[in-house]
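Participant: One structure is given below, represented as structure tokens, and several questions about it will come after.
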């Protein structure tokens with residue numbers, strides 16, 4: 001007797017079976033999703049969360065700038081929020097942004113409105129949903145410093161939570177089980193447009209100068225240990241430029257891994273583990289991955 005396929009609820013958004021994920025990621029590697037779902041709007045997402053077959057796992061991806069999808073792909077349902085979640089509303093003292101809105105785009109909207117305090121977002125290559133979920137930060141600020149509230153879709157309905165309820169820590173937030181960020185309000189203050197533009201230009205220039213921004217990369221590979229810089233530990237361990245196949249530790253910024261063209265997810269992950277081993281042997285410090293790694297290793 002043939003086992004029947006799980007049936008997804010009747011969604012209005014796009015649903016693809018065995019959908020390639022590599023083209024969606026900055027590394028351009030990885031296997032397919034069992035189901036790739038792009039909900040039409042919040043109502044569609046809530047229906048999916050409430051009525052999805054429970055035998056199907058649930059994984060959420062954003063801009064996929066800090067993500068490694070393993071070569072065996074991701075079983076179950078992969079949710080990617082798209083157009084229905086990218087609205088940006090400018091208010092007198094802040095921005096309400098959909099989870100799919102890019103961090104840099106939010107920074108640009110704030111700057112155009114003469115709102116200061118969100119300039120750091122132009123240095124984060126991701127989306128607002130991911131920025132909240134991992135408490136993204138750069139250039140002296142983190143999301144927790146500017147967040148007023150976040151709306152999260154859960155199997156039980158929509159929740160609005162404040163900063164204290166998310167228990168923010170370094171590169172993490174506590175979201176409800178199977179919860180997906182759909183929008184957030186970020187505080188800002190009226191400021192001088194020229195000064196805001198200058199600060200953003202400074203951040204972009206620093207990023208361009210120090211990071212391999214035009215390469216196939218996944219952003220910062222490892223978290224900074226307390227009181228230390230991951231890149232300095234990697235450099236001291238002699239891992240700058242180290243390679244495994246077409247995976248390479250960036251010469252420009254050695255806390256970045258690069259896909260030089262034909263790397264697999266396994267190449268990149270194994271190179272990262274080689275770097276961790278070198279750093280541990282040299283300094284006694286164990287680096288923790290900042291890149292989110294999902295999916296399965298092929299059998």
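Residue numbers (UniProt numbering): 1 to 299. Every residue, glycine too, gets a C-beta built ideally from N, C-alpha and C.
Inspect the beta-carbon positions of residue 146 and residue 172 and report whether they are closer than 8 Å.
Facilitator: Within the chain shown, the letter at position 146 stands for residue 146. Within the chain shown, the letter at position 172 stands for residue 172. Not a contact, by the Cβ cut-off of 8 Å.
Participant: Quick one: residues in its chain with C-beta nearer than 8 Å to the C-beta of residue 249, no 5 flanking neighbours on either side, listed in chain order?
Facilitator: Position 249 of the chain shown holds residue 249. Contacts found: 234, 239, 240, 241, 242, 243, 256, 257, 258, 271 and 275.
Participant: Per DSSP, residue 211 is paired with what?
Facilitator: To locate residue 211, count along the chain shown from 1; it is residue 211. According to DSSP, residue 211 bridges with nothing at all.
Participant: According to DSSP, residue 90 sits in a beta bridge with which residue or residues?
Facilitator: Counted from its first residue, the chain shown places residue 90 at position 90. Answer by DSSP bridge pairing, in chain order: 95.
Participant: Where DSSP assigns a beta bridge to residue 104, which residues make up the other side?
Facilitator: Within the chain shown, numbered from 1, the residue matching residue 104 stands at position 104. Paired residue(s): none; residue 104 is not in a bridge.
Participant: Find out if the Cβ-Cβ distance for the pair residue 94, residue 185 is shorter than 8 Å.
Facilitator: Your numbering for residue 94 matches position 94 in the chain shown. Your numbering for residue 185 matches position 185 in the chain shown. In this structure, residue 185 lies closer than 8 Å to residue 94 by Cβ.
Participant: Sort out for me which residues DSSP pairs residue 80 with in a bridge.
Facilitator: For the purposes of this step, residue 80 is identified with residue 80 of the chain shown, where counting begins at 1. Bridge partners of residue 80: 61.
Participant: Along the beta strand (DSSP E) that carries residue 184, what are the first and last residues, could you check?
Facilitator: The residue given as residue 184 occupies position 184 in the chain shown. That run of the beta strand (DSSP E) goes 180-187.
Participant: Checking 8 Å against the spacing of the C-beta atoms, do residue 218 and residue 102 come in under that value?
Facilitator: As a position in the chain shown, residue 218 is number 218, starting the count at 1. As a position in the chain shown, residue 102 is number 102, starting the count at 1. Contact: no.
Participant: Assuming the contact rule is C-beta atoms closer than 8 Å, residue 58 and residue 76 should be a hit. Round their C-beta distance to whole Å, please.
Facilitator: As a first step, residue 58 must be located in the chain shown, where it is residue number 58. As a first step, residue 76 must be located in the chain shown, where it is residue number 76. With 8 Å as the limit, residue 58 and residue 76 qualify as a contact, their Cβ atoms being about 6 Å apart.
Participant: Among the candidates 157, 161 and 155, whose CA atom is the shortest distance from the CA of residue 144?
Facilitator: Taking the first residue of the chain shown as 1, we reach residue 144 at position 144. Nearest C-alpha to residue 144: 161.
Participant: What residues are listed by DSSP as bridge partners for residue 132?
Facilitator: As a position in the chain shown, residue 132 is number 132, starting the count at 1. According to DSSP, residue 132 bridges with nothing at all.
Participant: Can you tell me whether residue 65 is buried or exposed? The criterion is at least 16 other CB atoms within 10 Å of its CB, across all chains shown.
Facilitator: The count along the chain shown starts at 1 and reaches residue 65 at position 65. Burial call: buried.
Participant: Expressed to the nearest angstrom, what Euclidean distance is found between the alpha-carbon atoms of residue 34 and residue 49?
Facilitator: The sequence position of residue 34 within the chain shown is 34, counting from 1. The sequence position of residue 49 within the chain shown is 49, counting from 1. Straight-line Cα distance between these residues: approximately 16 Å.
Participant: First and last residue of the beta strand (DSSP E) that includes residue 67?
Facilitator: Sequence index remark: in the chain shown, residue 67 carries index 67 (1-based). Residue 67 -> beta strand (DSSP E) spans 67-69.
Participant: Determine the burial state of residue 38: buried for a count of at least 16 other Cβ atoms within 10 Å of its Cβ, exposed for fewer.
Facilitator: To locate residue 38, count along the chain shown from 1; it is residue 38. Buried, since its Cβ has 16 or more Cβ neighbours within 10 Å.
Participant: Any idea what DSSP makes of residue 218, helix, strand or coil?
Facilitator: Taking the chain shown and counting its residues from 1, the one referred to as residue 218 is at position 218. If DSSP states are grouped into helix, strand and coil, residue 218 belongs with the strands.
Participant: So who's on the other strand from residue 292, going by DSSP bridges?
Facilitator: What you label residue 292 is simply residue 292 of the chain shown in a count that begins at 1. In the DSSP output, where bridge partners are listed per residue, residue 292 has 67.
Participant: Identify which residue in 157, 82, 46 and 53 has its Cα closest to the Cα of residue 61.
Facilitator: Taking the chain shown and counting its residues from 1, the one referred to as residue 61 is at position 61. The residue with the shortest Cα to Cα distance from residue 61 is 82.
Participant: For residue 45 versus residue 152, is the C-beta spacing smaller than 8 Å?
Facilitator: As a first step, residue 45 is located in the chain shown; it is residue number 45 there, counting from the start. As a first step, residue 152 is located in the chain shown; it is residue number 152 there, counting from the start. For residue 45 and residue 152, no; Cβs fall outside 8 Å.
Participant: So which of 13, 7 and 176 has the shortest CA-CA distance to residue 54?
Facilitator: Taking the chain shown and counting its residues from 1, the one referred to as residue 54 is at position 54. Of the listed residues, the one whose Cα sits closest to residue 54 is 7.
Participant: Please report the Cβ distance between residue 31 and residue 284, rounded to the nearest whole angstrom; I am assuming they are in contact, meaning their Cβ atoms lie under 8 Å.
Facilitator: Here residue 31 refers to the residue found at position 31 when the chain shown is read from its first residue. Here residue 284 refers to the residue found at position 284 when the chain shown is read from its first residue. So it is not a contact: roughly 36 Å between Cβ atoms.
Participant: Within 10 angstroms of its Cβ, does residue 273 collect 16 or more other Cβ (buried), or is it exposed?
Facilitator: To locate residue 273, count along the chain shown from 1; it is residue 273. By the 10 Å Cβ count, residue 273 comes out exposed.
Participant: Would you identify the three-state DSSP class for residue 168, choosing helix, strand or coil?
Facilitator: The count along the chain shown starts at 1 and reaches residue 168 at position 168. Reduced to three states, the DSSP call for residue 168 is coil.
Participant: With which residues is residue 283 paired in a DSSP beta bridge?
Facilitator: Mapped onto the chain shown, residue 283 falls at position 283. None, per the DSSP bridge assignment.
Participant: Using the C-alpha atoms, what's the distance from residue 97 back to residue 13?
Facilitator: Reading the chain shown from its first residue, position 13 is the one you call residue 13. Reading the chain shown from its first residue, position 97 is the one you call residue 97. Straight-line Cα distance between these residues: approximately 20 Å.
Participant: Starting from residue 247, follow the beta strand (DSSP E) in both directions and report where the run begins and ends.
Facilitator: Start at 1 with the first residue of the chain shown, and residue 247 comes out as number 247. That run of the beta strand (DSSP E) goes 247-249.
Participant: Could you spell out the range, first to last residue, of the alpha helix (DSSP H) harbouring residue 18?
Facilitator: Start at 1 with the first residue of the chain shown, and residue 18 comes out as number 18. No alpha helix (DSSP H) contains residue 18, which is instead part of the beta strand (DSSP E) from 14-20.
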